[in-house]
Amino acid sequence: MILPDAREGVAGDRFARLALSCVHREYPNKISHVLNSAEDARPAREIYPAFYGCYDWHSAVHGHWLLVRILNTDAETPFRAVILDALGKSFTAENIAGELAYFQGAERASFERPYGTAWFLQLMTELRGAGFPEAAGWVETLSPLETHIRTQTLDWLTKLVYPIRAGTHNQTAFAFGLMLDWADATGDAEFRGALAAKALAFHAGDTNCPLAYEPSGEDFLSPCLMEADLMRRVMPQAEYAIWLSAFLPQVPRDGSGEWLTPGIVLDPADGKLVHLDGVNLSRAWALEGIAAALPPDDARVPALLAAASVHKQTGLAAVSEAHYAGSHWLASFATYLETRRGIAPQ
């Protein structure tokens with residue numbers, strides 16, 4: 005694949021190049037796969053034929069999301085033709101039939117739940133909001149997997165008794181946020197209602213989140229900040245402002261940003277340690293989302309935005325093609341942050 009030159013100073017071009025370099029790159033690959041027989045010992049391309057690249061399934065999904073997001077937010081992108089070609093190679097009826105068959109296989113109910121499935125719904129949100137003509141056909145092609153994930157998620161919610169407060173893939177707060185945005189974009193009131201009810205049941209009474217315990221050594225999501233970013237989606241503004249005071253009393257009212265320091269990565273080639281570059285990016289977008297949900301004159305807004313700025317600067321500086329451990333996924337986080345996905349325009 006011959007990629008266009010990136011425009012000087014345009015971060016989105018750099019992010020597009022990183023995604024294009026990995027969405028169809030088969031190796032290295034980390035397969036999260038239950039083998040039901042010896043016949044299941046196959047390469048990733050055969051197991052999930054649309055989303056086999058970018059090291060793992062969820063990264064392939066949000067790598068494709070990144071490419072659609074670039075088309076939706078940058079009308080002048082020089083990568084338009086090559087992005088459309090890459091998406092067209094992935095989004096075929098045959099490939100999606102293979103993906104769906106995998107999801108429907110025995111012992112696969114928890115596959116990529118909830119992180120990867122939330123990103124898939126985010127991909128569908130992006131495609132449904134796209135203005136380029138190919139998008140409508142791809143929505144139709146991908147919709148059987150979308151329907152399956154929706155049904156499977158609703159069933160899981162009825163059985164989920166406790167939130168998952170991890171700082172990695174299994175975290176429910178982050179996934180619920182992406183899923184709620186999909187429900188709002190599609191007008192799926194049943195799905196939104198189920199998610200909102202579960203979020204409120206899990207978190208409406210939470211207080212004094214131990215932010216000082218974060219980040220853990222392999223976090224790429226903040227349990228505290230992602231919960232706050234979730235709850236802004238299910239509470240009225242006045243109620244949310246009160247809830248936030250009890251949940252994150254650490255947020256200062258003096259406009260300072262030093263109350264929350266970015267995570268440190270000493271070895272960007274280590275696939276787990278590099279997660280901390282991701283936590284800086286996801287913290288930044290969560291802080292911006294929390295600030296956007298508060299009344300404009302709330303005294304905490306300047307401090308939230310100050311901390312977001314520091315984390316954004318640190319996180320974006322780490323997005324590099326030097327090490328595949330980070331380059332196969334950090335560009336998606338950076339794009340989510342830079343394009344303010346998940347935050348309604350003011």
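Quick note: to get my numbering, add 4 to the position in the sequence shown (first position is 1). For each residue, glycine too, the CB sits at the ideal point set by N, CA and C. As the structure is a computational prediction, the values presented were derived from the model and not from experiment.
Rank the options by C-alpha distance to the C-alpha of residue i and give the top, closest one.
i    : options                   : result
I168 : Y119, L71, H315 and L149  : Y119
F206 : L277, F195, D302 and V238 : V238
A23  : Y328, M230, R345 and T343 : Y328
P82  : P306, G16, V314 and L229  : G16
T121 : Y166, D301 and H66        : H66
M235 : G261, Y217 and L291       : L291
R372 : S94, V72 and F95          : Residue 372 lies beyond the stretch modelled for the chain, which goes from 5 to 350, so this question has no answer here.
M230 : F180, W263 and T211       : F180
W186 : L215, Q175, N212 and L131 : L131
T176 : E222, R117, A208 and E218 : R117
L70  : V27, S41, E80 and G102    : V27
R112 : I51, A79, A203 and W289   : I51
G261 : I246, P253 and A307       : A307
D302 : W263, F251 and I246       : I246
L204 : G191, D233 and M5         : D233
Y56  : P32, C228 and S324        : P32
E218 : D192, G209, A110 and N284 : N284
H109 : G13, D192 and Q156        : The question names His, yet the displayed sequence has Gly at residue 109. When each option's Cα is compared against that of G109, the closest is Q156.
Are residue i and residue j closer than 9 Å when you measure CB to CB?
i    : j    : result
A326 : L334 : no
F136 : T339 : no
G92  : E144 : no
G259 : A310 : yes
R21  : C58  : no
H355 : L164 : As shown, the chain starts at 5 and ends at 350. That puts residue 355 outside it, with no answer to give.
F337 : F178 : no
H173 : H315 : no
G346 : G282 : no
A201 : L184 : no
F107 : W142 : no
G220 : S286 : According to the sequence as given, residue 220 is Ser; it is not Gly. In this structure, S286 does not lie closer than 9 Å to S220 by Cβ.
P353 : T318 : For residue 353 there is no data in the structure shown, the boundaries of the chain being 5 and 350.
A189 : T151 : no
L252 : C213 : yes
L341 : W289 : yes
S324 : S313 : no
S36  : F124 : no
Kindly list the residues whose CB is nearer than 7 Å to the CB of residue i, restricted to its own chain and excluding five residues on each side of it in sequence; keep chain order.
i    : result
A198 : L158 and L161
P148 : I100 and L104
Y244 : M235, R236 and A297
D271 : L277
F195 : R154, L158 and A187
T343 : R73 and T77
Please return the same chain residues whose Cβ sits closer than 8 Å to the Cβ of residue i, not counting the five positions on each side in sequence.
i    : result
R304 : L248, V255, P256, R257, A295 and L298
E98  : P53
L39  : A45
V3   : Outside the shown range of the chain, which is 5 to 350, sits residue 3, and nothing can be said about it.
Y166 : F206
G133 : N76 and A189
For residue i, which residues from the same chain have a beta carbon less than 6 Å from its beta carbon, with the 5 sequence-adjacent residues on both sides left out?
i    : result
D60  : K34
L353 : Here the chain has residues from 5 to 350 only, and residue 353 is not among them.
G171 : S220, D223, L225 and P227
G102 : P53
A140 : none
State yes or no: is the C-beta of residue i nearer than 8 Å to some heavy atom of the ligand FAD?
i   : result
S25 : Among the components of this structure there are no ligands whatsoever, and the ligand FAD is therefore not found.
Review point. Going along the chain, which unbroken runs of the beta strand (DSSP E) with 3 or more residues stay wholly within the stretch 131–191?
Key: none
Review point. Where in the stretch 16–96 do unbroken runs of the alpha helix (DSSP H), each at least 4 residues long, occur, reported from the N-terminal end onward?
Key: 48–51, 61–77 and 84–94
Exercise for review: Write down every uninterrupted run of the alpha helix (DSSP H) in the stretch 257–303 whose length is 4 residues or greater and which is fully enclosed by it, in chain order.
Suggested key: 279–297
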